[in-house]
Amino acid sequence: MKLISEEAWEDVIGYKPAHPITYPTPPGFDLADVSMWTKGHPFDFYKQLREEAPVAWFDVPEAQGFWAVTRYEDIKQVELHPEIFSSQMGGINMAYGKPNERHPRLHSATLNTLISMDRPQHIDLRMQHRDFFTPQYVESLRERVRGEVTRLLDNVEKNGPKTDFVKHFSTRLPLFTLCEMMGIPERDRAKVVRWMYYLEQAAALFSQRTKGGIPPYLFIMRFMWNIRQMFKYGEKALNGRRANPQDDLMTKIAQATIGDEQLRQEFLDGAWLLIIFAGNDTTRNSLSGTMRLLTEFPDQRQRVLDDPSLIPQMAQEAVRMTSPVIHMRRTVTQDTELNGQKMVRGEKVIMWYGSANRDPAVFEDPDRFDVTRANATDHMAFGFGPHVCLGQRIAAMQIEEAYKQILERFPNIKWTGKQDISMNNFVHAINGLEVDIRG
Ligand code: HEM
28 MKLISEEAWE
38 DVIGYKPAHP
48 ITYPTPPGFD
58 LADVSMWTKG
68 HPFDFYKQLR
78 EEAPVAWFDV
88 PEAQGFWAVT
98 RYEDIKQVEL
108 HPEIFSSQMG
118 GINMAYGKPN
128 ERHPRLHSAT
138 LNTLISMDRP
148 QHIDLRMQHR
158 DFFTPQYVES
168 LRERVRGEVT
178 RLLDNVEKNG
188 PKTDFVKHFS
198 TRLPLFTLCE
208 MMGIPERDRA
218 KVVRWMYYLE
228 QAAALFSQRT
238 KGGIPPYLFI
248 MRFMWNIRQM
258 FKYGEKALNG
268 RRANPQDDLM
278 TKIAQATIGD
288 EQLRQEFLDG
298 AWLLIIFAGN
308 DTTRNSLSGT
318 MRLLTEFPDQ
328 RQRVLDDPSL
338 IPQMAQEAVR
348 MTSPVIHMRR
358 TVTQDTELNG
368 QKMVRGEKVI
378 MWYGSANRDP
388 AVFEDPDRFD
398 VTRANATDHM
408 AFGFGPHVCL
418 GQRIAAMQIE
428 EAYKQILERF
438 PNIKWTGKQD
448 ISMNNFVHAI
458 NGLEVDIRG
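End of the sequence shown sits at 466 in this note's numbering; the numbers just go up one at a time, nothing left out.
Laid out in structure tokens, this is it:
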């Protein structure tokens, strides 16, 4: 297969929509400005967009502007029609930077990967991963996850009563689970956390540059070094699995094919980046988000304490409310219309999952955390359609196992109100969350 990075259409910087804008964009919040995201999702602005401008135009400095889609049903239409709204023709991120300013290997890996493919290659490659995402496999992991939750909570207790839940718990559990799936040895696991940190900070770097600021030199050096180490490690590990196959997800990726060919290095880089990114910080932020919600809605916490069998439903409701993945982008491949807005080939569409998940047309009283919500699993935090999250069962199992023990052991644990949210509009990245285990 040809490289997606060679075939995808480049962003047209400064592009303006071909057809008249149907719904004027309300002022007040710029979805494209990452510096505005440090307080989390702009739920009030989403509401305004859903009501007044469900398909709204936003410019992006140094990248192509996009149509922001905020209603649940419209997002479903986009997800279900990859032949019109392609992942492959322009990737899933809001912006890829100017060609001469990109990190070449990182740029290639963000495009040459499963999540940026359309059918038929997408389905074929996705199916080759399935053994590690079945309910049976998830159950086989559960016992190990349970043991790790106990160990981590021992550590939380040792560091308490007030401690950073992200540092001691929610960063560590997804890392453990993913490393177990991938077959990454214990001694190398801390490196993965560091790489994640630098990947998340890339958005902040980009923002400083687009605003005319100069990103700190030392940070850039560290960033470059860490990204280089990340790919070097993945390359060695994946090629090692080709020579010595093992019973792990890394081996599945190493042995995967597109057509009849083994994945070339660019696709191996992409698979490595996708799995460590997609599986790690999304679950981390769901675990932290759940803690926030249980603090903000004490009546719902009490319901779960009274009836722990509600925990699986609570996990889905917490993912709906938190919406850890903020957006995904698509590229229009043929002239079309969405909710009255005409679009032409080459234009970009961005789906805002946090808005779909608070759409009152689907979720009654959507801002309320309701652990008994009947349709909680209808949320779109895991996407929808052909690209729906492959790891959603793994994520849900971890939240369930975590909160069974957290609530049993520290029934009064609470978020103190202190948190640190990254400058990032792709993932709702909670970098710090102070809890008091005594309540
Ligand atoms: C709460 C945690 C998680 C959330 C919110 C989440 C969310 C998402 C979303 C929104 C997508 C894109 C769907 C689309 O384009 O329609 C996705 C895709 C994906 N996720 Fe997750 N994810 C989570 C956990 C995980 C975990 C734990 C793994 C792996 C262990 C994982 C692996 C993947 C992969 C491989 C894809 C690409 C699937 C494809 O393109 O066919 N995710 N996820």
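Where a beta carbon is used, it is the ideal one built from N, C-alpha and C, also for glycine.
Give a single yes or no on whether residue i has its beta carbon closer than 7 Å to a heavy atom of the ligand HEM.
i, result
"C206", "no"
"Q419", "yes"
"L141", "yes"
"P109", "no"
"A383", "no"
"T309", "yes"
"D106", "Rather than Asp, the amino acid found at residue 106 in this sequence is Glu. E106: yes, Cβ under 7 Å from the ligand HEM."
"F409", "yes"
"P351", "yes"
"R153", "yes"
"I302", "yes"
"M355", "yes"
"V415", "yes"
"G306", "yes"
"Y380", "yes"
"S313", "yes"
Can you list, in chain order, the residues of its chain with a C-beta nearer than 6 Å to that of residue i? Leave out the 5 residues immediately preceding and following it.
i, result
"F196", "L179, V183"
"P272", "T278"
"L133", "I254"
"R269", "A281"
"V87", "A59, A122"
"Q91", "D38, V39, Y42, K375"
"I377", "F93, A95, H354, R356"
"A423", "A342"
What are the partner residues of residue i, as DSSP defines its beta bridges?
i, result
"H156", "Beta-bridge pairing links H156 to no other residue."
"W299", "Beta-bridge pairing links W299 to no other residue."
"L365", "Q368"
"M378", "V96, M355"
"F85", "F93"
"E461", "D191"
"F112", "V359"
"I448", "I457"
"W493", "Residue coverage of the chain in this structure runs from 28 to 466, which leaves residue 493 outside it and unanswerable."
"Q148", "BP columns for Q148 are empty, so no partner."
"I285", "E288"
Please name the residue in the options whose C-alpha comes closest to that of residue i.
i, options, result
"Q446", "F453, W379, Y430, D463", "D463"
"T140", "D334, R395, R291, P54", "R291"
"L321", "V398, R357, D362", "V398"
"I353", "E323, T363, R385, Q361", "R385"
"S62", "T190, L314, S449, Y42", "S449"
"E288", "G67, Q148, D57", "Q148"
"H414", "E227, R395, K103", "K103"
"M355", "K29, T137, A264", "T137"
"L460", "M116, S313, D215, L265", "S313"
"M116", "L30, S167, P53", "L30"
"H46", "F453, S350, T363", "T363"
"V267", "M407, Y380, L295, F453", "A quick correction: the sequence has Gly, not Val, at residue 267. Cα-wise, what sits closest to G267 is L295."
"E34", "D145, P69, P51, Y50", "D145"
"R347", "E374, T310, D326, G373", "T310"
"R199", "K43, L245, Q425", "Q425"
"R157", "V454, Q361, L417", "L417"
"R216", "L202, P243, M248", "L202"
"K189", "N451, I457, G444", "G444"
"S135", "Y225, Y430, S32, A264", "S32"
"R153", "A229, A423, A283, W442", "A283"
"W64", "G466, I457, R465", "I457"
"I433", "R465, A229, I421, I150", "R465"
Which residues in the same chain as residue i place their Cβ atom closer than 8 Å to its Cβ, once the five residues preceding and following it in sequence are excluded?
i, result
"E428", "R169, V172, R173, V176"
"I302", "L205, M209, L276, I280"
"F411", "I102, K103, E106, L107"
"Q75", "P53, G55"
"R129", "Y123"
"R98", "R77, P81, N366, S382, A383, D386, A388"
"E293", "L30, S32, S135, A136, N139"
Given residue i, which residues of its chain have a CB within under 7 Å of its CB, disregarding the five upstream and five downstream residues?
i, result
"I142", "S114, I119, L301, H414"
"A305", "G418"
"S350", "H68, Y380, G381, N384, A408, H455"
"P438", "L332"
Return yes when the C-beta of residue i is under 7 Å from any heavy atom of the ligand NAD, and no when it is not.
i, result
"G41", "Judged by which ligands are present, the ligand NAD is missing from the structure shown, whose ligands are the ligand HEM."
Does the count of Cβ pairs from the segment 364-377 and the segment 324-335 closer than 8 Å reach three?
-> no
Are the segment 400-414 and the segment 123-134 touching by the rule of at least three beta carbon pairs closer than 8 Å?
-> no
With contact counted as at least three CB pairs below 8 Å, one residue from each stretch, are the segment 253-264 and the segment 337-351 in contact?
-> no
Indicate whether the contact test is met: 3 or more Cβ pairs, each with one atom in the segment 102-112 and one in the segment 70-88, closer than 8 Å.
-> no
Cβ contact check for the segment 307-320 and the segment 152-171: 3 or more pairs under 8 Å = no
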